[in-house]
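Asks: In the numbering used here, the protein residues as written are 15 to 370.
Built from N, CA and C at the ideal position, the CB exists for glycine as well.
Here the structure is a predicted model, which is why all the values come from computation and not from measurement.
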Amino acid sequence: MQTILVRVNLDIEGEVSENALRLKDALKTVKSLSKSTNKIVLLSHRGRPKGYDPKLSLEPLKEVLEKHLRRRITFFTQFDFPKIKKTIEQAPAGSIFLLENLRFLPGETKNSLSLAKKLASLGGWYINDDFATSHHANASNVALPKLLPHRVGPILKKEVDILRNVMKKPARPLVLIVGGAKASDKLKVIKHLLKKVDYVLLAGGPGNTALRAKGMNVKKSIHEPKMIKEVKKLLKSDKIIAPLDWLEYQGSIVDIGPKTIERYSEIVKKAKTIIWGGPLGAFEDPKFRAGSEAIAREVALGKAFTVVGGGETTELILQLGLENEVDLLSSGGGAMLAFLAGEKLPALETLGLQNE
C-alpha cells in the first residue's frame with residue numbers, strides 16, 4: 015500500500031459546474047486510482063489568489079467529487095503538514111484526501127523547493143495528470159516530482175501524445191482556427207505552425223487585430239494594437255484568412271458574419287485535421303454565438319481529426335453536447351498553445367515528455 019500524491023486540475027471559475035471538463039478529467043483520474051488500496055492525496059489550485067481567498071477555496075470541489083465518487087474525502091483547510099501527514103498515516107487503506115488551494119501558499123507559483131519537500135513528506139509516489147498547468151513552473155508540478163518516484167497520468171499522456179502526433183504527421187488539409195480574446199499568445203502559434211498548416215481561420219481578438227492591420231476601423235473591438243506590425247507580415251501569406259463580415263454591438267465586433275461562417279464552413283468541411291483554440295465571438299451571450307456554434311458543429315460533426323482546446327471553447331463544445339464527437343478536448347488552453355508554439359513546458363520537461 016502506497017500514498018500517492020496526484021496533481022489534478024480543479025481550476026474552475028465561479029460557481030462549480032458539474033459539467034466542467036476539468037472536473038470530469040479529475041474524476042476519471044481518481045476513479046482509475048481508487049480501485050487499489052492506495053491512499054490518494056489530491057493536489058490542485060483554483061484561480062490566481064494573492065494569499066487566502068475564500069471564493070477560491072477547493073472545498074466546493076470536494077463536495078462535488080464526493081457526490082460523483084460516492085466516497086468520503088478528507089479535506090484539509092490548513093497547511094499544517096505534520097498534522098496532515100499524521101492524519102494520512104492513521105487513515106484506512108483506500109482513503110482519499112484533498113489539500114486546500116495550493117496557490118494560497120506563495121511558494122507554489124515560485125516553484126519553492128521548501129514547499130515541495132513538505133508536500134513530498136506526505137507520500138511515497140507522485141503522479142501528474144494535469145496538462146493545463148504544464149507551462150507553469152510550480153512547486154507541485156516541477157520541484158515535487160524531482161523528490162519522489164513519479165509517473166505520468168493517463169490524461170496528460172494522452173494530450174501530449176495526440177498533440178505530438180498532430181504536429182508530426184497530420185492528415186491534410188490541416189486547418190488552424192484561432193479565436194478568443196488574446197492575439198499575442200496565438201500569434202506565436204501561427205508563426206510557428208504557418209509552414210505546417212494549410213489554412214489559418216481568424217476570429218475574436220486575433221481576427222479583429224488582422225482587420226485593423228488591413229486598415230479596417232474596428233472601433234471598440236478587442237484587439238492588440240502592438241501586434242499590428244507583426245500581423246501585417248503574417249497576412250502576406252494566403253493561408254491566413256480574416257473575417258469577411260461581422261456582427262457589431264455598441265461599437266464592438268461580437269461575432270463573425272454569415273459570409274464568414276459560409277467561407278469558414280467550406281474550409282472546415284474539406285479539412286482532415288483541425289486544431290481549434292478560442293471562440294469566434296462573444297458566445298456567452300446567446301445573441302452573439304451563431305458563428306461559434308455553427309463552426310463548432312462543422313468541426314465536431316465532420317470527418318476530420320479534431321483537437322479543441324481552452325476553457326471557453328471546450329465549454330461551448332460541452333454546452334452543445336458535442337464532446338464525444340471531438341478526438342481531443344483539452345482543458346489546457348495556454349498549455350496547448352505553448353506546446354503548439356514549440357515552447358518548453360517546465361512540467362513536461364520534468365516528466366521527460368518535453369515537446370520535440
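Do you know whose CA, among A153, L170, I169, lies nearest L162's CA?
Replies: On the sequence shown, position 148 is the one that residue 162 refers to. When only C-alpha atoms are compared, the closest one is A153.
Asks: Assuming the contact rule is C-beta atoms closer than 8 Å, L294 and I309 should be a hit. Round their C-beta distance to whole Å, please.
Replies: Translated into positions along the sequence shown, residue 294 becomes position 280. Translated into positions along the sequence shown, residue 309 becomes position 295. Right, their Cβ atoms sit about 6 Å apart.
Asks: What beta strand (DSSP E) runs, 3 residues minimum, are completely inside the stretch 229-291?
Replies: 260-263, 266-270, 287-291, all fully within the stretch 229-291.
Asks: Extract the residue ranges of the alpha helix (DSSP H) inside the stretch 281-348, only unbroken runs of 4 or more that lie entirely within it.
Replies: Here the runs fully enclosed are 304-315, 325-333.
Asks: Could you name the residues of the same chain whose beta carbon sits closer than 6 Å to that of R165, not counting the 5 residues immediately before and after it, in chain order?
Replies: The residue given as residue 165 occupies position 151 in the sequence shown. For R165, where only same-chain residues beyond five positions count, the Cβ hits under 6 Å are I141.
Asks: Just the C-alpha distance for N125 and K205, rounded to the nearest angstrom, thanks.
Replies: The residue you call residue 125 lines up with position 111 of the sequence shown. The residue you call residue 205 lines up with position 191 of the sequence shown. Straight-line Cα distance between these residues: approximately 30 Å.
Asks: Less than 7 Å separating the beta-carbons of L158 and L133?
Replies: In the sequence shown, residue 158 corresponds to position 144, counting from 1. In the sequence shown, residue 133 corresponds to position 119, counting from 1. Yes.
Asks: Just how far apart, CA to CA, sit A107 and R117?
Replies: Taking the first residue of the sequence shown as 1, we reach residue 107 at position 93. Taking the first residue of the sequence shown as 1, we reach residue 117 at position 103. The straight-line gap from Cα to Cα measures roughly 28 Å.
Asks: Rounding to the nearest angstrom, what Cα-Cα distance links S266 and G218 in this structure?
Replies: Here residue 266 is taken as the residue at index 252 of the sequence shown, counted from 1. Here residue 218 is taken as the residue at index 204 of the sequence shown, counted from 1. Each residue's alpha carbon lies about 11 Å from the other.
Asks: Identify the continuous beta strand (DSSP E) that holds N142 and give its terminal residues.
Replies: Here residue 142 refers to the residue found at position 128 when the sequence shown is read from its first residue. 139-142 is the extent of the beta strand (DSSP E) around N142.
Asks: Can you tell me whether G65 is buried or exposed? The criterion is at least 16 other CB atoms within 10 Å of its CB, across all chains shown.
Replies: As a working note, residue 65 is residue 51 in the sequence shown. By the neighbour-count rule (16 or more Cβ atoms within 10 Å), G65 is not buried but exposed.
Asks: What does the alpha-carbon distance come out to for the pair T43 and L79?
Replies: Translated into positions along the sequence shown, residue 43 becomes position 29. Translated into positions along the sequence shown, residue 79 becomes position 65. Near 11 Å, if we compare the C-alpha coordinates of L79 and T43.
Asks: Using the C-alpha atoms, what's the distance from V55 back to I98?
Replies: Here residue 98 refers to the residue found at position 84 of the sequence shown. Here residue 55 refers to the residue found at position 41 of the sequence shown. Distance between the alpha carbons of I98 and V55 is about 10 Å.
Asks: Any idea what DSSP makes of V55, helix, strand or coil?
Replies: Residue numbering aside, residue 55 sits at position 41 when the sequence shown is read from its first letter. Strand, per DSSP.
Asks: With 7 Å as the threshold, decide whether the Cβ of N125 is near any Cβ in chain B.
Replies: Among the chains in the structure shown there is no chain B, since it carries only a single protein chain.
Asks: From the DSSP output, in three-state form, read off V192 for me.
Replies: The sequence position of residue 192 within the sequence shown is 178, counting from 1. Looking at V192 - three-state DSSP - the assignment turns out to be strand.
Asks: Would you list the one or two residues that DSSP bridges to I110?
Replies: Position 96 of the sequence shown, counting from 1, holds the residue named residue 110. I110 pairs with I54, I87.
Asks: I need the straight-line Cα distance from S109 to F89, nearest angstrom please.
Replies: Locating residue 109 in the sequence shown gives position 95, where the first residue counts as 1. Locating residue 89 in the sequence shown gives position 75, where the first residue counts as 1. When rounded, the distance between both Cα atoms is 11 Å.
Asks: Please report the distance separating the alpha-carbon of S235 from that of V268.
Replies: Looking up residue 235 in the sequence shown gives position 221. Looking up residue 268 in the sequence shown gives position 254. Taking the straight line joining both Cα atoms gives about 8 Å.
Asks: Quick one: Cα of I26 to Cα of G229, how far?
Replies: Counted from its first residue, the sequence shown places residue 26 at position 12. Counted from its first residue, the sequence shown places residue 229 at position 215. Approximately 39 Å between the Cα atoms of the pair.
Asks: Alpha carbons only, please: which of G167, L136, F297 is nearest the one belonging to L362?
Replies: Translated into positions along the sequence shown, residue 362 becomes position 348. With distances taken between Cα atoms, L362 lies closest to G167.
Asks: Quick check: the Cα distance between V180 and K100, rounded to an integer number of angstroms?
Replies: Position 166 of the sequence shown, counting from 1, holds the residue named residue 180. Position 86 of the sequence shown, counting from 1, holds the residue named residue 100. Near 46 Å, if we compare the C-alpha coordinates of K100 and V180.
Asks: Just to confirm the assignment, what range does the beta strand (DSSP E) spanning V214 have?
Replies: Locating residue 214 in the sequence shown gives position 200, where the first residue counts as 1. Element bounds for V214: 213-216.
Asks: Cα separation between R86 and L129?
Replies: To locate residue 86, count along the sequence shown from 1; it is residue 72. To locate residue 129, count along the sequence shown from 1; it is residue 115. C-alpha separation (whole angstroms): 27 Å.
Asks: DSSP three-state label for L161, please.
Replies: Translated into the one-based positions of the sequence shown, residue 161 becomes position 147. Here L161 sits in coil by DSSP.
Asks: Near N155, which residues of its chain fall below 8 Å by C-beta distance, leaving aside the five closest residues on each side in sequence?
Replies: Reading the sequence shown from its first residue, position 141 is the one you call residue 155. Here the set comprises R21, N142, D144, T147, S148, P360, A361, T364.
Asks: Closest to P220 by CA distance: which of D212, L249, L83, S135 is it?
Replies: Locating residue 220 in the sequence shown gives position 206, counting from the first residue. Taking only the C-alpha atoms, the option nearest P220 is L249.
Asks: Run through the DSSP bridge pairs and tell me what T17 is partnered with.
Replies: On the sequence shown, position 3 is the one that residue 17 refers to. Bridge partners of T17: K53.
Asks: Can you give the Cα-Cα distance for G121 and Y263, rounded to whole angstroms?
Replies: Within the sequence shown, residue 121 is the residue found at index 107, counting from 1. Within the sequence shown, residue 263 is the residue found at index 249, counting from 1. Rounded to the nearest angstrom, the two C-alpha atoms are 44 Å apart.
Asks: Does DSSP put V166 in a helix, a strand or coil?
Replies: Here the question's residue 166 lines up with position 152 in the sequence shown. Correct three-state label for V166: strand.
Asks: I need the straight-line Cα distance from Q368 to L19, nearest angstrom please.
Replies: What you label residue 368 is simply residue 354 of the sequence shown in a count that begins at 1. What you label residue 19 is simply residue 5 of the sequence shown in a count that begins at 1. Taking the straight line joining both Cα atoms gives about 22 Å.
Asks: Does the beta-carbon distance from V174 to A355 come in below 7 Å?
Replies: Against the sequence shown, residue 174 aligns to sequence position 160. Against the sequence shown, residue 355 aligns to sequence position 341. Going by C-beta atoms, V174 is not nearer than 7 Å to A355.
Asks: Can you give me the C-alpha to C-alpha distance between G138 and H82, rounded to a whole angstrom?
Replies: Taking the first residue of the sequence shown as 1, we reach residue 138 at position 124. Taking the first residue of the sequence shown as 1, we reach residue 82 at position 68. Their backbone Cα atoms lie some 27 Å apart in a straight line.
Asks: Pull up the CB-CB distance for G323 and G291, whole angstroms please, since I reckon it's below 8 Å.
Replies: Along the sequence shown, read from residue 1 onward, the residue named residue 323 stands at position 309. Along the sequence shown, read from residue 1 onward, the residue named residue 291 stands at position 277. The Cβ separation is near 5 Å, so the contact holds.
Asks: Just how far apart, CA to CA, sit N222 and D252?
Replies: Taking the sequence shown and counting its residues from 1, the one referred to as residue 222 is at position 208. Taking the sequence shown and counting its residues from 1, the one referred to as residue 252 is at position 238. Near 18 Å, if we compare the C-alpha coordinates of D252 and N222.
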